[in-house]
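Residue numbers (this note's numbering), protein chains in the order written: chain A, 180 to 606; chain B, 180 to 606.
Number of protein chains: 2
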Amino acid sequence: MSVRAGIVVTGTEVLTGRVADRNGPWIAGRMLELGIELAHITICGDRPRDLEAQLRFLEAQATDLIVTTGGLGPTADDLTLEVVARFSGRGLARDPALEARIAKILEPLLARWPDLDAEAVRAGTAKQALVPAGAAVLEPAGTAPGMIVPARRATVVVLPGPPRELQAMWPAASASEAFLAVAGAAGDYRQSTLRLYGIPESEIAETLRRAQGTVEGLDALEITTCLRRGEVEVTVRHEPSSEEAWRAVADLIAERHPDTLFSTDGATIEDVVASLLRGRTVATAESCSGGLMAARLTDRAGSSTYMTGSTIAYANEAKTALLGVPAGLIEARGAVSPEVADAMAAGALERHGADVALAITGIAGPGGGTEHKPVGTVCWCARTTEGALLAERMRLPGDRREVRDRCTTVGMHLLRRLLGGEADPPA
Amino acid sequence: MSVRAGIVVTGTEVLTGRVADRNGPWIAGRMLELGIELAHITICGDRPRDLEAQLRFLEAQATDLIVTTGGLGPTADDLTLEVVARFSGRGLARDPALEARIAKILEPLLARWPDLDAEAVRAGTAKQALVPAGAAVLEPAGTAPGMIVPARRATVVVLPGPPRELQAMWPAASASEAFLAVAGAAGDYRQSTLRLYGIPESEIAETLRRAQGTVEGLDALEITTCLRRGEVEVTVRHEPSSEEAWRAVADLIAERHPDTLFSTDGATIEDVVASLLRGRTVATAESCSGGLMAARLTDRAGSSTYMTGSTIAYANEAKTALLGVPAGLIEARGAVSPEVADAMAAGALERHGADVALAITGIAGPGGGTEHKPVGTVCWCARTTEGALLAERMRLPGDRREVRDRCTTVGMHLLRRLLGGEADPPA
């Protein structure tokens, strides 16, 4: 039996776009793992009427599970619990034991901010200790408790807004009796992801169209393709009985796109590069990416085993002084040129004592473009101490932010190819 | 008269959390500027029934304007226009002139990917040239045209999913006759933002509570506060007639929180630091932030006028070789210590030839923590060539990602204070 769910994200700061929502996507991922079918995510501001309308909409859409995020704070505009109580037809009552536990959590905070208004804090704590009749309490991960509230048709899981608190509370929420009573009925779903680089999305769409004629049971697969940071992701969700159909599709993609398919086991490009690096060290030399390449290489826990460091040489003088790029070369070829990228990579190898180095120099815009080197022009060079080399020059589309981000994707794939043994023929 | 709006974001990759939605927040920002009251954002997958349900929900919520994003591609799972046509009770008809314009746009793409299936491309183009009766066409910014479709109560603005295409299409959409017929009725709203750093959100809540007793016309202000990357943002939206009430609230906040209020004109910390830097150059020396500080300082267009570069010294040997931090100091005090942060800043000043340098060294986790230096412990040091110095040591909450990000916020504010003339007393 399929379990259908909806997510309600609350908060005027999210609705108005001032803060990017991280909770909806995160909970969506957990639901996917649990085989729960997510139908809708809705976002509303701190207005009780809009929140209640969204809850009623999700109920009318036959959801079994509704997860709300945010609006559990101590202040007056935090209204979620009041609205959920009304929606589920349950009265709110103060839970003195819970109130005492919240007060205990606040003690160190009160000690750290001695000027805090104690009366305001007490009022906030009393508000946070209001529990709808018959609801299960989820212990606070910050100061706000969560709740699981049975409503008429659906069960409402009420979670706090700060992503860290929400994520810390999730294991208790999803293991609770009230949650399992609903979600335990979900089917066993599997999800697989293929990743390709250097191919337009329409080519994958065409391959999937061809699969329609040749793969039996294709309709039982829920396949989505999407462009993500310059890569194409093909994700499929299916019941265990459709494993064979999925295998056939994966084989067809591997057969038709052997050069661009780089991950079949869900590994990201970060995973692939980290595993190829094993035992070797890497450094970067960056201009237009301004540290984003180094930040991406150090994003993973444990990256200190392979990342030695990076020199960001934004100014031309820095390219010369810190990476040993001859000033004459910059003058002759320009700071954005394959030759300067090459010299930056060589400089990073030597100065950082790394086994592999990646250099990026380009024009992120919006200014600085010329007729021959328009905004978006970027040169990459990856080098090993053994002298293997891979270079790339491309004009990236998009605005400054997109160009800078895409720089790092191209860089990751250049590293992947170099570490995998590819190299340009010697000049 | 107030104009009420909803946004529908479509796409299984967004619903399932694999891709973060950038369109909802962006359109929300535009609506705020136009004085349109945004009530709901809803997200659905590529399922026609769920999309139609969301359109009907927004209609029932008395919206005048509905903006949809995504689902306009050439492939079979791009269904938005079909659903919007059904929802608005309008038939779809092929527009041969539009089809020819799309084909023209595709010509260079076809030349670049010679293996593309021409028949599949033709079928996709024919699909994208279907127009609901009576709809206004918005010329493609990529290959997909947008549409403005009058429905029963609301007007539906149908926009493509790629953020760049959507943003490029917005000026034409919002200037169109069909759009202005609805949105032209919106009131004149103003929005102001105050930003504070180093203060808990509850303190601002308390100040706003006090305002209730003293500020006349407070109820006419729509005030929201939120925590964002370690700062507290207070945003108010109001009609011009409430300007005085807003001024009174702003004055009260300035009076009660003089040390933590750093922006009253909407300027971000990036704006403030960039403007304080005017004429001076900055460099960074980074360990745990792994390039994120440099990336943040180079995020703005024109940052090359003040950013010289950065040395990311992830390994201890790199701190010694590239920043001149004595190996004995690292051994005696540890890589994460105020002394090493200080030496890193001094090294960055000298090697990058900058006027100001900021160093960050810490334990981002999840591993590497000790009893005395648990995960999240970070030391910062900001220095000028004149010898002024500001140091900070803190234990940041959160996971690796949050610690690394928060590092940069603390770093920005240390730079702001140093550039503003603050300095620690000489040791």
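Think of the CB as a built atom: it goes at the ideal place given N, C-alpha and C, for glycine as much as any other residue.
Each residue's CA atom was taken as its position, placing L309 (chain A) and G303 (chain A) some 10 Å apart.
Rounded to the nearest angstrom, the Cβ distance from G249 (chain A) to T259 (chain A) is 7 Å, consistent with a contact under 8 Å.
Excluding the 5 residues flanking it on each side, I245 (chain B) has same chain C-beta neighbours closer than 6 Å at G185, L237, A333 and V335, in chain order.
At least one beta carbon of chain A lies nearer than 7 Å to the beta carbon of I220 (chain B). In this chain, E550 (chain B) is not harboured by any beta strand (DSSP E), its DSSP state being neither H nor E. Contact annotation: in the region 277-290 of chain A, no residue has its CB less than 7 Å from a CB in chain B. Within chain A, T477, S483, M486, T487 and G488 have C-beta atoms less than 7 Å from the C-beta of Y493 (chain B), given in sequence order.
Of all residues in the region 241-255 of chain A, only G252, P253, T254 and A255 come within less than 9 Å of chain B when Cβ atoms are compared, listed by chain position.
Taking the Cα of D225 (chain B) as reference, the smallest distance to any Cα among A:D225, A:H219 and A:T463 is reached at A:H219. As the crow flies, the alpha-carbon of A453 (chain B) is around 8 Å from that of S482 (chain B). The beta carbon of E571 (chain B) sits no closer than 7 Å to any beta carbon of chain A. In this structure, the alpha-carbon of P293 (chain B) lies about 55 Å from that of H417 (chain B).
Distance check between G541 (chain A) and each of A:G458, A:G513, A:G340 and A:E344 places A:G513 closest, using alpha-carbon atoms only. Comparing alpha carbon positions, the residue from A:P329, A:L373 and A:Q240 closest to G445 (chain A) is A:L373.
E412 (chain B) has B:R374 and B:C405 as its beta-bridge partners, per DSSP.
For the region 574-588 of chain B, residues whose beta-carbon sits nearer than 9 Å to a beta-carbon of chain A comprise P576, G577, D578, R579, R580, E581 and R583.
Among the CB atoms of chain A, one or more fall inside 7 Å of the CB of V198 (chain B). Rounded to the nearest whole angstrom, the CA to CA distance from L597 (chain B) to M472 (chain A) is 28 Å. Counting along the chain, the unbroken alpha helix (DSSP H) around G590 (chain B) starts and ends at R579 to L598. For L568 (chain B), the closest of B:A525, B:A429 and B:Q233 by C-alpha to C-alpha distance is B:A525. Identification of chain B residues near L194 (chain A) by a Cβ-Cβ cut-off of 7 Å yields A207, L217 and I220, ordered along the chain.
Bridge pairing for W559 (chain B): B:I539 and B:E571 [DSSP]. Nearest CB-CB separation between G470 (chain B) and chain A: below the 7 Å threshold. Using beta-carbon distances, A474 (chain B) counts as an interface residue toward chain A, with a partner under 7 Å.
A check of alpha carbon separations from T195 (chain B) across A:R265, A:A276, A:L528 and A:G203 identifies A:G203 as the nearest. Counting of Cβ neighbours within 10 angstroms places T484 (chain A) among the exposed residues, the total staying below 16. At a C-beta separation below 7 Å, T549 (chain A) has no neighbours in chain B, since its nearest C-beta there lies roughly 15 Å away. Look at F236 (chain B): its C-beta is under 7 Å from a C-beta on chain A. With fewer than 16 other beta carbons inside 10 angstroms of its own, K283 (chain A) counts as exposed. Judged by beta-carbon spacing, A536 (chain B) lies within the 7 Å limit of A527 (chain B), meaning their Cβ atoms are closer than that value. Look at the beta carbons and you see the region 389-403 of chain B not touching the region 346-361 of chain B: under three pairs across the two are nearer than 8 Å.
In terms of beta-carbon proximity, E298 (chain B) stays away from the interface with chain A, with every pair separated by 7 Å or more. The contact set of G303 (chain A) on chain B, defined by CB atoms closer than 9 Å, consists of S381 and A384 in chain order. Setting aside the 5 residues that flank it on each side, D274 (chain B) is surrounded in the same chain by A308 and V310, each with a C-beta closer than 6 Å to its C-beta; the list follows chain order.
Here E465 (chain A) is bridged, per DSSP, to A:I491 and A:I539.
Contact annotation: A494 (chain B) and T487 (chain A) have beta-carbon atoms nearer than 7 Å.
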